[in-house]
Amino acid sequence: MPSANSPRLQRADEAIAPALLSWYDTHARNLPWRVSPGERRAGRRIDPWRVLVSEFMLQQTTAGTVARRYAAFVGRWPTAEALAAAPLDDVLSAWAGLGYYARARNLHRAAQAIAARPRAGAPRTEDELRLLPGVGAYTAAAVAAIAFDAPCVPVDGNVERVTARLFAVDGPLPGAKPRLRDLAQSLRPSRRTGDFAQALMDLGALVCTPKSPNCSQCPISFACLGYGSGAPARFPRRAAKSQRPVRYGAALAQFNRRGQVLLERRPESGLLGGTLGLPGTAWTNEIPQAEQGIGRARPAGRVAHVFTHFRLELDVFVDAAPRRRLRPCETWADPRAVALPTVMRKALDLALARRLNPATNR
Ligand code: SF4
Numbered sequence: 001m002p003s004a005n006s007p008r009l010q011r012a013d014e015a016i017a018p019a020l021l022s023w024y025d026t027h028a029r030n031l032p033w034r035v036s037p038g039e040r041r042a043g044r045r046i047d048p049w050r051v052l053v054s055e056f057m058l059q060q061t062t063a064g065t066v067a068r069r070y071a072a073f074v075g076r077w078p079t080a081e082a083l084a085a086a087p088l089d090d091v092l093s094a095w096a097g098l099g100y101y102a103r104a105r106n107l108h109r110a111a112q113a114i115a116a117r118p119r120a121g122a123p124r125t126e127d128e129l130r131l132l133p134g135v136g137a138y139t140a141a142a143v144a145a146i147a148f149d150a151p152c153v154p155v156d157g158n159v160e161r162v163t164a165r166l167f168a169v170d171g172p173l174p175g176a177k178p179r180l181r182d183l184a185q186s187l188r189p190s191r192r193t194g195d196f197a198q199a200l201m202d203l204g205a206l207v208c209t210p211k212s213p214n215c216s217q218c219p220i221s222f223a224c225l226g227y228g229s230g231a232p233a234r235f236p237r238r239a240a241k242s243q244r245p246v247r248y249g250a251a252l253a254q255f256n257r258r259g260q261v262l263l264e265r266r267p268e269s270g271l272l273g274g275t276l277g278l279p280g281t282a283w284t285n286e287i288p289q290a291e292q293g294i295g296r297a298r299p300a301g302r303v304a305h306v307f308t309h310f311r312l313e314l315d316v317f318v319d320a321a322p323r324r325r326l327r328p329c330e331t332w333a334d335p336r337a338v339a340l341p342t343v344m345r346k347a348l349d350l351a352l353a354r355r356l357n358p359a360t361n362r
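Numbered according to the numbering used here, the sequence shown spans residues 1 to 362.
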């Protein structure tokens with residue numbers, strides 16, 4: 001088998017981009033934020049704002065979930081200027097279901113930064129894009145390549161996997177990331193860099209999948225060292241994973257006579273920052289005692305939610321409205337209509353079920 005630096009592979013490298021682009025021309029995923037190769041040939045231009053929004057949404061959310069939310073969001077705010085002028089609360093509400101609300105706040109701030117520079121136009125280069133709030137190396141490269149055909153290859157998990165297999169990179173992740181980035185850059189064609197970036201992403205999503213790469217359908221198998229090894233799925237290797245820790249907390253759903261629920265806005269910084277949710281305890285590593293509760297509130301059960309760095313187990317309690325003035329961070333809301341982060345929606349749904357049918361109590 002040739003090594004990653006052998007002349008044979010270097011010759012094959014030069015054929016990879018044309019083969020992949022040709023495959024992309026007929027197999028590109030139909031995604032609502034995409035301008036397909038056919039549409040580009042027909043003269044449809046790429047809107048950098050739409051690309052930026054999609055990349056913010058895709059940072060920690062699957063393409064399938066983003067596809068269900070994207071059109072409504074850009075339909076409501078079709079330009080950076082429109083989003084910049086919108087109240088942050090509206091943006092956070094429209095973001096419900098996508099998770100990781102810091103991205104919504106950053107996108108709102110990025111829109112304001114773009115709107116504040118009308119003469120300069122939208123940022124085009126990786127360096128300019130990285131100056132926007134919430135735009136890291138990957139997002140900058142993706143937007144620069146896709147929207148402006150800049151000479152760069154954004155490297156996400158799909159591209160890492162394809163590159164590790166293509167070059168049979170043995171070093172484990174995450175240590176191998178810099179080498180994989182360099183190898184991915186070495187494949188970049190001189191034109192159609194945006195399509196090339198998306199072709200690599202699509203190959204990873206459709207053909208070179210994590211567990212069972214479909215090498216017989218792969219347009220670049222002729223150059224793939226992982227395929228040549230007979231066991232492509234063993235790339236990339238990963239360092240042993242530590243188990244996700246568990247945190248525990250309690251949330252309180254208090255209803256008034258009109259059926260509204262009391263919500264409070266979380267502080268701007270931190271997890272779910274700035275979003276509405278049920279009031280409750282801090283989330284800690286302490287396992288709650290069985291008899292532990294919140295005042296005289298009735299227990300409704302427990303919901304679990306997995307965040308990137310921990311799993312949350314949240315005990316939910318139901319109570320009547322408090323007899324006191326609301327604090328500035330508190331509000332009454334329609335419990336079925338209000339937009340909430342997923343974990344809070346799960347907790348509130350459980351509380352509603354408990355309230356309507358006390359027998360469902362666990
Ligand atoms: S040949 Fe197989 S392992 Fe190699 S890039 Fe294609 S699908 Fe992935």
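Think of the CB as a built atom: it goes at the ideal place given N, C-alpha and C, for glycine as much as any other residue. These figures come from a predicted structure and were not determined experimentally.
Alpha carbon to alpha carbon, how far is W23 from I16?
Locating residue 23 in the sequence shown gives position 23, counting from the first residue. Locating residue 16 in the sequence shown gives position 16, counting from the first residue. One alpha carbon belongs to W23, the other to I16, and they sit about 11 Å apart.
When a residue counts only if its C-beta is closer than 7 Å to some heavy atom of ligand 1, which residues count, in chain order?
Going along the chain, the residues that qualify are V162, R165, L166, L203, V207, C208, P213, N214, C215, C218, I220, S221, C224, G226, Y227, P232.
In chain order, what are the residue ranges of uninterrupted alpha helix (DSSP H) at least 4 long that sit wholly in the region 87-155?
Secondary structure within the region 87-155: the alpha helix (DSSP H) runs of 4 or more consecutive residues, fully enclosed, are 88-94, 102-115, 126-130, 137-148 (chain order).
Just mark I287 as buried or exposed, buried being the case when its beta carbon has 16 or more other beta carbons within 10 Å.
One-based indexing of the sequence shown puts residue 287 at position 287. It counts as exposed.
Can you list, in chain order, the residues of its chain whose CB lies under 7 Å from that of L31, leaving out five sequence neighbours each side?
Taking the first residue of the sequence shown as position 1, residue 31 is located at position 31. The residues are A63, A67.
Is it buried or exposed for E160, if we count other Cβ within 10 angstroms and need 16 for buried?
The sequence position of residue 160 within the sequence shown is 160, counting from 1. The residue in question, E160, is buried, as its Cβ has 16 or more Cβ neighbours within 10 Å.
How about V162 and L200: are their beta carbons less than 8 Å apart?
Residue mapping note: residue 162 aligns to position 162 of the sequence shown, counting from 1. Residue mapping note: residue 200 aligns to position 200 of the sequence shown, counting from 1. Result yes, Cβ atoms of V162 and L200 sit closer than 8 Å.
Compute the Euclidean distance between the alpha carbons of S54 and P341, then round it to the nearest angstrom.
In the sequence shown, counting from the first residue as 1, residue 54 sits at position 54. In the sequence shown, counting from the first residue as 1, residue 341 sits at position 341. Straight-line Cα distance between these residues: approximately 19 Å.
Pair every Cβ in the region 239-255 with every Cβ in the region 177-184, then say whether three or more of these pairs are closer than 8 Å.
The region 239-255 is not in contact with the region 177-184.
Does C329 pass the burial test, meaning 16 or more other C-beta atoms within 10 Å, or should it be called exposed?
Within the sequence shown, the letter at position 329 stands for residue 329. Here C329 is exposed, its C-beta having fewer than 16 other C-beta atoms within 10 Å.
Quick check: what's the CA-CA separation for E291 versus D315?
For the purposes of this step, residue 291 is taken as residue 291 along the sequence shown, with counting starting at 1. For the purposes of this step, residue 315 is taken as residue 315 along the sequence shown, with counting starting at 1. Below a pLDDT of 50, predicted positions are generally treated as unreliable, and E291, at 48, falls in that range; the measurement from the model is reported next regardless. In this structure, the CA atom of E291 is about 12 Å from the CA atom of D315.
Excluding the 5 residues flanking A72 on each side, which residues of the same chain have their C-beta closer than 8 Å to its C-beta?
Stepping through the sequence shown from its first residue, residue 72 is reached at position 72. So the qualifying residues of the chain are A94.
Pick from W332, I220, M344: whose alpha carbon is nearest that of T275?
Counting from 1 along the sequence shown, the entry for residue 275 is found at position 275. Considering only alpha carbons, the answer is M344.
Kindly identify the DSSP beta-bridge partner or partners of Q60.
For this step, residue 60 is matched to residue 60 along the sequence shown. In the DSSP output, where bridge partners are listed per residue, Q60 has none listed.
Thinking just about the alpha-carbon of each residue, which of C208, P118, A333, G270 is nearest to the one in L20?
To locate residue 20, count along the sequence shown from 1; it is residue 20. With respect to the C-alpha of L20, the residue from C208, P118, A333, G270 having the closest C-alpha is C208.
Which runs of the beta strand (DSSP E) spanning at least 3 residues fall entirely within the region 203-261, listed in chain order?
Annotation note: the region 203-261 contains the following uninterrupted beta strand (DSSP E) runs of length 3 or greater, listed N- to C-terminal: 246-255.
Pick out whichever of G99, D170, N285, A140 has its Cα sitting closest to the Cα of A110.
Within the sequence shown, residue 110 is the residue found at index 110, counting from 1. Of G99, D170, N285, A140, the smallest CA-CA separation from A110 is found for A140.
Under DSSP, the beta strand (DSSP E) around L314 begins and ends at which residues?
Mapped onto the sequence shown, residue 314 falls at position 314. L314: member of the beta strand (DSSP E) spanning 311-320, first to last residue.
Using alpha carbons as the reference points, say which of E264, P219, S190 lies closest to G204.
If you number the sequence shown from 1, residue 204 lands on position 204. Nearest option by C-alpha distance: P219.
Cβ distance (whole Å) where R234 is taken to contact L173 below 8 Å:
If you number the sequence shown from 1, residue 234 lands on position 234. If you number the sequence shown from 1, residue 173 lands on position 173. Wrong, their Cβ atoms sit about 13 Å apart, outside the cutoff.
In the DSSP assignment, find the unbroken beta strand (DSSP E) run with R298 in it and report its ends.
Reading the sequence shown from its first residue, position 298 is the one you call residue 298. Here the beta strand (DSSP E) through R298 covers 298-306.
Three-state class that DSSP yields for E268 in the structure shown:
To locate residue 268, count along the sequence shown from 1; it is residue 268. Three-state result, E268: coil.
Can you list the alpha helix (DSSP H) stretches of 4 or more residues lying completely in the region 327-359, in chain order?
Taking only runs of at least 4 residues, the alpha helix (DSSP H) segments lying wholly in the region 327-359 are 342-356.
What do you get for R354, buried or exposed, if any count of 16 or more other CB atoms within 10 angstroms of its CB means buried?
For the purposes of this step, residue 354 is taken as residue 354 along the sequence shown, with counting starting at 1. Residue burial annotation: R354 is buried, with at least 16 other C-beta atoms found within 10 angstroms of its C-beta.
What residue from L131, P335, E126 has the CA that sits closest to R117's CA?
Here residue 117 refers to the residue found at position 117 of the sequence shown. With distances taken between Cα atoms, R117 lies closest to L131.
So for L414, helix, strand or coil by DSSP?
One cannot answer for residue 414 here, as it falls past the ends of the chain, which runs 1 to 362.
Once the 5 residues before and after A251 are set aside, which same chain residues still bring their CB inside 6 Å of it?
In the sequence shown, residue 251 corresponds to position 251, counting from 1. Its chain contains L278, G280, L314, V316, A347 as the residues whose beta carbon lies nearer than 6 Å to that of A251, once the 5 sequence neighbours on both sides are disregarded; these appear in chain order.
Following a CB-centred definition, is P174 positioned closer than 7 Å to any heavy atom of ligand 3?
No copy of ligand 3 appears in this structure; the ligands present are ligand 1.
Identify the continuous alpha helix (DSSP H) that holds V35 and give its terminal residues.
Taking the first residue of the sequence shown as 1, we reach residue 35 at position 35. Looking at the DSSP string, V35 is not in any alpha helix (DSSP H), and its letter there is neither H nor E.
Give me the residue from G136, A85, P232, S190 with the minimum Cα distance to D170.
Here the question's residue 170 lines up with position 170 in the sequence shown. Of the candidates G136, A85, P232, S190, P232 places its Cα closest to the Cα of D170.
How big is the Cα-Cα spacing for R226 and L166?
The residue you call residue 226 lines up with position 226 of the sequence shown. The residue you call residue 166 lines up with position 166 of the sequence shown. The sequence given here has Gly at residue 226, not Arg. Going by C-alpha positions, G226 is about 6 Å away from L166.
Whole-angstrom C-beta distance between L92 and Y101, which should lie under 8 Å:
If you number the sequence shown from 1, residue 101 lands on position 101. If you number the sequence shown from 1, residue 92 lands on position 92. Confirmed, about 6 Å.
Going along the chain, which residues of its own chain have a beta-carbon closer than 6 Å to the beta-carbon of A339, five neighbours each way excluded?
As a first step, residue 339 is located in the sequence shown; it is residue number 339 there, counting from the start. Once the five neighbours on either side are set aside, the close Cβ partners of A339 are S93, A96.
How many Å lie between R103 and P78 at the Cα?
For this step, residue 103 is matched to residue 103 along the sequence shown. For this step, residue 78 is matched to residue 78 along the sequence shown. When rounded, the distance between both Cα atoms is 18 Å.
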